[in-house]
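Structure first, then comments.
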């Protein structure tokens, strides 16, 4: 009953097998390995983007921060949702890599920016000329930190606002595949066809050991990425162990299968929990995370039995009236089992 | 016949097995995995440093840059050899992580700083008060970029100079174990007992897939490292895959065995090459790299037969008089075979 | 009728005379001039802080950014009001000097933080451990950007909150003297006795040509300031021309006289404008700026007659219904005349 | 007898008069003052560069650092002489403003880079691809830190090397006018016609109180400068006091007159000192600084009588054999008198 985070799940067996298989003889370092050629070709094919530049790094924070650093200048702001990972969970990594930029926070329910709120913040920013932080880039997290997703049509509306002001768009896709299978969209429709310039394409949370691709749809921005990656300590010498993971991930639709499993698990959990009297969803369950409020007594039962997840926010006391509902975040991964979910639901039900 | 770099060699089977074994069930993220507890304990035991703080990152550049960033301020200089990796091969990563510091270059044969040259540069730096870059930290690369090693007594002389000026000392040990087995020194004698404050303790080049430990002997400096690591995008969520590598590496003396093999291979290559008329060593062979000059015709034979290594410097033309000696760098790893070496020697010999 | 900003006013004659007088013979550079010794002594006396370190720079942005940079780390946040100058009007200078920090915005009416809002933001920040921006420093702007002031008792409440979390406190006193004369407080009561660690003590807006003092009440933080100032390009070689301004400013109470004149002018303007039917104050007039809304027709009359000031916000259209009130900011300085005010009031009145 | 530095001399009376004259009524802030329009026009005329962007800052370190920051990326190196001010005397300001760049040091006698040495360093830098600091910009100091000058023909040879590699060129002209009058060159011939892209055009050392112009010959680079200047805290609100200085400086050839006086004083001093037995020049006297070695006894006499100048290097002991020559730097300014020089020469002569 482990729902604390998808980043605690194991890697898929195919990914581990690919790692083992890659461990043969010598391989060119720093991304010049033969497996990387395959990865590049696969990603270009999947995204229908034959010119895209493709790079691998090991962490989502690296993927996001390096991507933002090639999209905006140190004196510019990144427009993102108040609950974006780049704002809340990276200890200022974007500001560090950008060289001192500013996250400009946009409102919206369920961690989704609305086009109007985005436009308002862009208009407000830079209104004072040289004295303000300037308008830089827009960053969209999909799936969001609250388990919701943007459909391509919603992305297009946001990027249209960005284009009004000439701003490039980044997508933080640490859970990109969860959003993709949730919406049924194609990778191209969700990204460049919807106006996204650079994508952090996550592998780690969805069944890899530690690999994220950065897909740069406009290859003119690519060379700067290479220097920033090296200088950030994110260029792997034994790069084949990144390539092998991503290669397996993208083979035979594994990436999609894993995300479908995670989303299905969240669906089962969400549906089940709503059948318990006194519960409600805090955010709609659209990808692989469930945000639900249920009675404190149920939390006690679940946690006493070893269920792992986060109260959300984290400072709600477990001591208190039994019936009072406390909100929680429960994240599913490819490896979440129906048994664990049902056992957990049983405990919640009491 | 692959001597281009130890970073192109595969990982040791034990390391890969440990990766596979770690892939079971859920594990706490961000370094709170149980394997990391074992790694921490092992490193403290090996280094006889029960208080040391131990962190893992995936690249040597990250290990070095983060280490230097906790040892010196943005307005300070890092004293290192002109041929140090931090000066020559990290695209300015230390300056980036430090926030704008300066590498102050120290001379010395075979990529080894001499105490006198170090003292001269320290004295020179900061002589002008506020107007100069200030004295920051000393960084010692062991084994060096030219395949030589410092013995503990030599380290102590350098750190004594640092101490005259109150400066902390970093050791870039991307090839630390090669230096250790070359000198027969203990890990403690080579580091904190010799005055080293922070060590980049390499795994990648010596049989891991991608892991380096940072060992901070004075734990007061540790918390800053944690923030800088996170903010640099170098904190792994699925950290167990770093831990597992390092755990296997340190089990049953594997790390020492692998380095002994690499050094022995370099010794065999070095001895063999010296028996060819017209050759000479450019630097003494003390660890796992051979820097030797041999006739151009021999280079042609070797490269035609598929031998991979770097001319050093790289811009020497393969076209030209047959007998003229050209210098080259040949790096051995744990996986270099005697057969490959002997075949290579046969080609050099002609 | 110039009310656009106090930074457009001339320097006081005494300040210019001091500049001329300082232009005799040779003077030691870089702050070692004899006039600076006098300035240091005067400031220590005025602030009853015999140990304080005192430095001069030429701009308020430099004073604020350098001050914040010695108070917080690159991975930390600065808690300030949403309308603080450091947030809104310095194009990211604090983030640049801090090396990538974050402004964490605190709410409160009339540009004043409330202790509760401050505590909430501090509690919220850093709640997620290593993953969040950490708690850094608190910055209080006094007088505020909306022309209001904090009394010493209010400052003490804010610094008490900072102290609960061990955070140092900066005061942006670009208009410090305006706040001082408005409250009748002593310089010490407004700063270190109320828990302020570092003060940006403005001269430019209040009758100097371009000089701000940074007063560091805890001299342990001073040396870092010197390196950062030099490295920021803010250490003047011909420093006497900064010293002379500040020396005259602090002689015979000139600084207080100038601020009293500016505040009195704002009071006259504020009182007068309220007597016009259909007007109201947007913020209380407590220092030298008036924020008032009055009919569009009155704006047209005033601007046609050459009155200079900013509509606030700036995007309100001058075309539209005559009677509709539009808000505006009118800033007075030491040089604002009663004649100009009365003429302006006549135009507003119509 | 003050020869310690030209930065200790007073401002010219015309400059101070202009400051006083500028202190009338209200003026637009932040460089929109009317005097700045005149300054811009004058500089464009003097440099025969009608498109040039012109900005003012108050210190040479700001002018240099901001200029370099718009010419090179954080992962690039600035090629400059080992004894350039940007390398030796700015406490890492260029690295700070560039965001972590590296000064790559070029050799050459008398603080002048030779084209061959420059080409060698450029070729060497970036040879290793992504792993090295990349080639960024070239910075030429004219007049040099050792009192020598480059003629336009010499500048052209250096910029031609830069152009071979596509690199832009900065000139640190803190003593630009001294170089100009020493060579008789026109401002255009010394800069853009010789291939210089951005000039730090000094006023402070040559009779201003504190002002330097940055002249950007290619105006496409100008907007970035504005953001960096603001964000660096170098945009003056009461900008007229910078403009007024520069305006007076450029009126009626004052700038040239002041530099001629300083150079003539250095010539008198240099010629005179060479007539003393046992003396020699350490560097040729070409601008306003004299680097000469003369007997220790003469130093003692001069210093006992109050002469101010620096032994060069500074750590030569005044105690020791009388006849031994010690090198010294003596800098003249527009205000150096023939009387002071002759008195000093008398003391040296003994």
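Residue numbers (the working numbering), protein chains in the order written: chain B, 1 to 350; chain X, 1001 to 1350; chain E, 2001 to 2350; chain W, 3001 to 3350.
Ideal placement from N, C-alpha and C gives every residue a C-beta, glycine not left out.
Checklist entry - In or out: residue 1295 of chain X buried (at least 16 other Cβ within 10 Å) or exposed? => result As a working mapping, residue 1295 of chain X is identified with position 295 in the second chain. Buried, by the Cβ-count rule.
Checklist entry - Any C-beta of chain X sitting closer than 7 Å to the C-beta of residue 3102 of chain W? => result Within the fourth chain, residue 3102 of chain W is the residue found at index 102, counting from 1. Output row for residue 3102 of chain W: interface = yes.
Checklist entry - Per DSSP, what kind of secondary structure is residue 150 of chain B in: helix, strand or coil? => result Position 150 of the first chain, counted from the first residue, corresponds to residue 150 of chain B. Reduced to three states, the DSSP call for residue 150 of chain B is coil.
Checklist entry - Does the distance from the C-beta atom of residue 3111 of chain W to that of residue 3083 of chain W stay below 7 Å? => result Walking along the fourth chain from the start, residue 3111 of chain W turns up at place 111. Walking along the fourth chain from the start, residue 3083 of chain W turns up at place 83. For residue 3111 of chain W and residue 3083 of chain W, yes; Cβs fall inside 7 Å.
Item to check | Nearest residue (CA-CA) to residue 1085 of chain X, options X:1060, X:1226, X:1184 | outcome: As a first step, residue 1085 of chain X is located in the second chain; it is residue number 85 there, counting from the start. Checking every option, the nearest Cα to that of residue 1085 of chain X belongs to X:1060.
Next on the checklist: For a contact defined as C-beta to C-beta under 9 Å, what are the partners of residue 3255 of chain W on chain B?
Outcome noted: As a position in the fourth chain, residue 3255 of chain W is number 255, starting the count at 1. Within 9 Å Cβ-Cβ: nothing; residue 3255 of chain W doesn't reach chain B, min ~28 Å.
Checklist entry - Among X:1238, X:1010, X:1080, X:1248, which has the Cα closest to the Cα of residue 238 of chain B? => result In the first chain, counting from the first residue as 1, residue 238 of chain B sits at position 238. Out of X:1238, X:1010, X:1080, X:1248, X:1010 has the C-alpha closest to the C-alpha of residue 238 of chain B.
Checklist entry - Going by the CB atoms, is the gap between residue 2149 of chain E and residue 2287 of chain E shorter than 7 Å? => result Working through the third chain from its first residue, we reach residue 2287 of chain E at position 287. Working through the third chain from its first residue, we reach residue 2149 of chain E at position 149. In this structure, residue 2149 of chain E lies closer than 7 Å to residue 2287 of chain E by Cβ.
Checklist entry - Thinking C-beta only, is residue 3087 of chain W closer than 7 Å to residue 3103 of chain W? => result Here residue 3103 of chain W is taken as the residue at index 103 of the fourth chain, counted from 1. Here residue 3087 of chain W is taken as the residue at index 87 of the fourth chain, counted from 1. In contact: residue 3103 of chain W and residue 3087 of chain W (Cβ atoms closer than 7 Å).
Checklist entry - Just the Cα atoms here: how many angstroms apart are residue 202 of chain B and residue 141 of chain B? => result Here residue 202 of chain B corresponds to residue number 202 of the first chain, with the count starting at 1. Here residue 141 of chain B corresponds to residue number 141 of the first chain, with the count starting at 1. Taking the straight line from one Cα to the other gives about 11 Å.
Checklist entry - Which word fits residue 1271 of chain X, buried or exposed, when buried means at least 16 other C-beta atoms lie within 10 angstroms of its C-beta? => result To locate residue 1271 of chain X, count along the second chain from 1; it is residue 271. Burial call: exposed.
Next on the checklist: Whole angstroms are fine: how far does the CA of residue 3334 of chain W sit from the CA of residue 3023 of chain W?
Outcome noted: As a working note, residue 3023 of chain W is residue 23 in the fourth chain. As a working note, residue 3334 of chain W is residue 334 in the fourth chain. When rounded, the distance between both Cα atoms is 25 Å.
Item to check | residue 2266 of chain E (DSSP reduced to helix, strand or coil) | outcome: Within the third chain, numbered from 1, the residue matching residue 2266 of chain E stands at position 266. It is helical.
Checklist entry - Who are residue 139 of chain B's beta bridge partners in DSSP? => result In the first chain, the residue the question calls residue 139 of chain B occupies position 139. Per DSSP, B:170.
Checklist entry - Expressed to the nearest angstrom, what Euclidean distance is found between the alpha-carbon atoms of residue 2169 of chain E and residue 2105 of chain E? => result Here residue 2169 of chain E refers to the residue found at position 169 of the third chain. Here residue 2105 of chain E refers to the residue found at position 105 of the third chain. The straight-line gap from Cα to Cα measures roughly 15 Å.
Item to check | Range covered by the beta strand (DSSP E) that runs through residue 341 of chain B | outcome: To locate residue 341 of chain B, count along the first chain from 1; it is residue 341. Where residue 341 of chain B is concerned, there is no enclosing beta strand (DSSP E), although the alpha helix (DSSP H) it sits in stretches over 338-349.
Checklist entry - Leaving out five residues before and five after residue 3005 of chain W in sequence, what residues of the same chain have Cβ atoms less than 7 Å from its Cβ? => result By 1-based counting over the fourth chain, the position of residue 3005 of chain W is 5. For residue 3005 of chain W, where only same-chain residues beyond five positions count, the Cβ hits under 7 Å are 3331.
Checklist entry - Which chain X residues sit within Cβ distance under 9 Å of residue 3389 of chain W? => result Given that chain W is displayed from residue 3001 to residue 3350, the structure contains no residue 3389 of chain W and the question cannot be resolved.
Item to check | Proximal chain W residues relative to residue 227 of chain B, where beta-carbon distance stays under 9 Å | outcome: By 1-based counting over the first chain, the position of residue 227 of chain B is 227. Per Cβ cutoff of 9 Å: 3073, 3074, 3075, 3076, 3130, 3134.
Checklist entry - Around the C-beta of residue 1318 of chain X, are 16 or more other C-beta atoms found within 10 angstroms, so that it is buried, or is it exposed? => result Start at 1 with the first residue of the second chain, and residue 1318 of chain X comes out as number 318. Burial call: exposed.
Next on the checklist: Our contact map puts residue 2113 of chain E next to residue 2081 of chain E with C-beta atoms below 8 Å; I'd like the distance itself, whole angstroms only.
Outcome noted: Numbered from its first residue, the third chain carries residue 2113 of chain E at position 113. Numbered from its first residue, the third chain carries residue 2081 of chain E at position 81. Yes, they are in contact, since the Cβ atoms of residue 2113 of chain E and residue 2081 of chain E sit about 5 Å apart, within 8 Å.
Checklist entry - Taking 7 Å as the CB-CB cut-off, is residue 2231 of chain E touching chain X? => result By one-based count along the third chain, residue 2231 of chain E stands at place 231. At least one chain X Cβ lies under 7 Å of residue 2231 of chain E.
Checklist entry - Under 8 Å Cβ-Cβ, which residues of chain D neighbour residue 3099 of chain W? => result Looking for chain D here will not work: the only protein chains present are B, X, E and W.
Next on the checklist: Looking at the strands, I want to know which residues DSSP matches up with residue 249 of chain B.
Outcome noted: In the first chain, counting from the first residue as 1, residue 249 of chain B sits at position 249. None; residue 249 of chain B has no bridge partner.
Item to check | DSSP state of residue 3212 of chain W mapped onto helix, strand, coil | outcome: Looking up residue 3212 of chain W in the fourth chain gives position 212. Residue 3212 of chain W: strand per DSSP, three-state reduction.
Item to check | chain E residues whose Cβ lies nearer than 9 Å to that of residue 96 of chain B | outcome: For the purposes of this step, residue 96 of chain B is taken as residue 96 along the first chain, with counting starting at 1. Chain E residues near residue 96 of chain B: 2074, 2075, 2099, 2100.
Checklist entry - Who are the neighbours of residue 3127 of chain W on chain X, taking C-beta pairs under 9 Å? => result Here the question's residue 3127 of chain W lines up with position 127 in the fourth chain. Neighbours of residue 3127 of chain W across chain X, judged by C-beta separation under 9 Å: 1313, 1314, 1315.
Next on the checklist: If I measure Cβ to Cβ from residue 3211 of chain W and keep anything under 7 Å in the same chain, skipping five residues before and after, which residues do I get?
Outcome noted: Position 211 of the fourth chain, counted from the start, is the residue given in the question as residue 3211 of chain W. Once the five neighbours on either side are set aside, the close Cβ partners of residue 3211 of chain W are 3056, 3058, 3203, 3204, 3242, 3245, 3246.
Checklist entry - When the distance is taken between beta carbons, is residue 3214 of chain W closer than 7 Å to residue 3027 of chain W? => result Within the fourth chain, the letter at position 27 stands for residue 3027 of chain W. Within the fourth chain, the letter at position 214 stands for residue 3214 of chain W. In this structure, residue 3214 of chain W does not lie closer than 7 Å to residue 3027 of chain W by Cβ.
Checklist entry - Short check: CB of residue 2070 of chain E to CB of residue 2224 of chain E, under 7 Å? => result One-based indexing of the third chain puts residue 2070 of chain E at position 70. One-based indexing of the third chain puts residue 2224 of chain E at position 224. For residue 2070 of chain E and residue 2224 of chain E, yes; Cβs fall inside 7 Å.
Next on the checklist: Taking the alpha helix (DSSP H) that residue 299 of chain B belongs to, which residues open and close that run?
Outcome noted: Within the first chain, residue 299 of chain B is the residue found at index 299, counting from 1. Its alpha helix (DSSP H) spans residues 296-304.
Item to check | N-terminal and C-terminal residue of the alpha helix (DSSP H) that residue 2021 of chain E is part of | outcome: For the purposes of this step, residue 2021 of chain E is identified with residue 21 of the third chain, where counting begins at 1. Run containing residue 2021 of chain E: 2013-2022, per the alpha helix (DSSP H) assignment.
Checklist entry - What are the boundary residues of the beta strand (DSSP E) that includes residue 201 of chain B? => result What you label residue 201 of chain B is simply residue 201 of the first chain in a count that begins at 1. Per DSSP, residue 201 of chain B belongs to the beta strand (DSSP E) from 198-202.
Item to check | Closest residue to residue 3308 of chain W among E:2008, E:2094, E:2029 (Cα-Cα distance) | outcome: Within the fourth chain, residue 3308 of chain W is the residue found at index 308, counting from 1. Closest option to residue 3308 of chain W, Cα to Cα, is E:2029.
Next on the checklist: Short of 7 Å in beta carbon distance, which residues of its chain neighbour residue 351 of chain B, apart from the five on each side in sequence? Order them along the chain.
Outcome noted: Any answer about residue 351 of chain B is impossible in this case: the structure gives chain B only from 1 up to 350.
Checklist entry - Does the beta carbon of residue 1091 of chain X come closer than 7 Å to any beta carbon on chain W? => result Position 91 of the second chain, counted from the first residue, corresponds to residue 1091 of chain X. Residue 1091 of chain X counts as touching chain W.
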